[in-house]
Amino acid sequence: MGYGGRAGASTEHLSRSGDGGIDPDEAALESLTEEFPWVDLLPDDDRRRFAVDFVRAVQASAELGQWSVLAQVLVEWRATAAIHADPALAEELSRLIDGDFGPVPAPDGS
Numbered sequence: 008m009g010y011g012g013r014a015g016a017s018t019e020h021l022s023r024s025g026d027g028g029i030d031p032d033e034a035a036l037e038s039l040t041e042e043f044p045w046v047d048l049l050p051d052d053d054r055r056r057f058a059v060d061f062v063r064a065v066q067a068s069a070e071l072g073q074w075s076v077l078a079q080v081l082v083e084w085r086a087t088a089a090i091h092a093d094p095a096l097a098e099e100l101s102r103l104i105d106g107d108f109g110p111v112p113a114p115d116g117s
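As numbered in my numbering, the sequence shown has no gaps in its residue numbers, which increase by one up to the final residue, 117.
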């Protein structure tokens, strides 16, 4: 099934909060986790951020008729889940970087 078809089923439980923002409830998060099992690897705060990003991407994709917007959001969040699934990698990417690595070269063509 394409992303467009999956999106409809997963957005049924998402609601708008009183201030107009998207407020995913537990049923929405469970629905997304059923469709995308890797969501379960995300910390709770990231699961909610994913749900909000997912809904916005569905809305933008539908408006533009370009499902690549939603596909990119899914690729990025799936990569985030993969990092959380590997504690050593998560620790390595979360540590502070000490030192100065020198000047940054100008991009080609500038």
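Note that the Cβ used here is the ideal one computed from N, Cα and C, for glycine as well.
Measure the CB-CB distance between residue i and residue j and report whether it falls below 9 Å.
i	j	result
residue 69	residue 39	no
residue 36	residue 89	no
Establish whether the CB of residue i and some CB of chain C are separated by less than 9 Å.
i	result
residue 48	Structure shown: chain C not included; a single protein chain is present.
Please classify residue i as buried or exposed, where buried requires at least 16 other C-beta atoms within 10 Å of its C-beta.
i	result
residue 61	buried
residue 112	exposed
residue 19	Note that residue 19 has pLDDT 47, beneath the 50 cutoff, so the model's placement of it is unreliable and no number is given.
residue 65	buried
residue 54	buried
residue 80	buried
Please identify the residue among the options whose C-alpha is closest to the C-alpha of residue i.
i	options	result
residue 78	116, 34, 43	43
residue 86	55, 52, 108, 46	46
residue 100	113, 91, 108, 112	91
residue 94	109, 50, 76	50
In chain order, what are the residue ranges of uninterrupted alpha helix (DSSP H) at least 4 long that sit wholly in the region 82–116? 94–101
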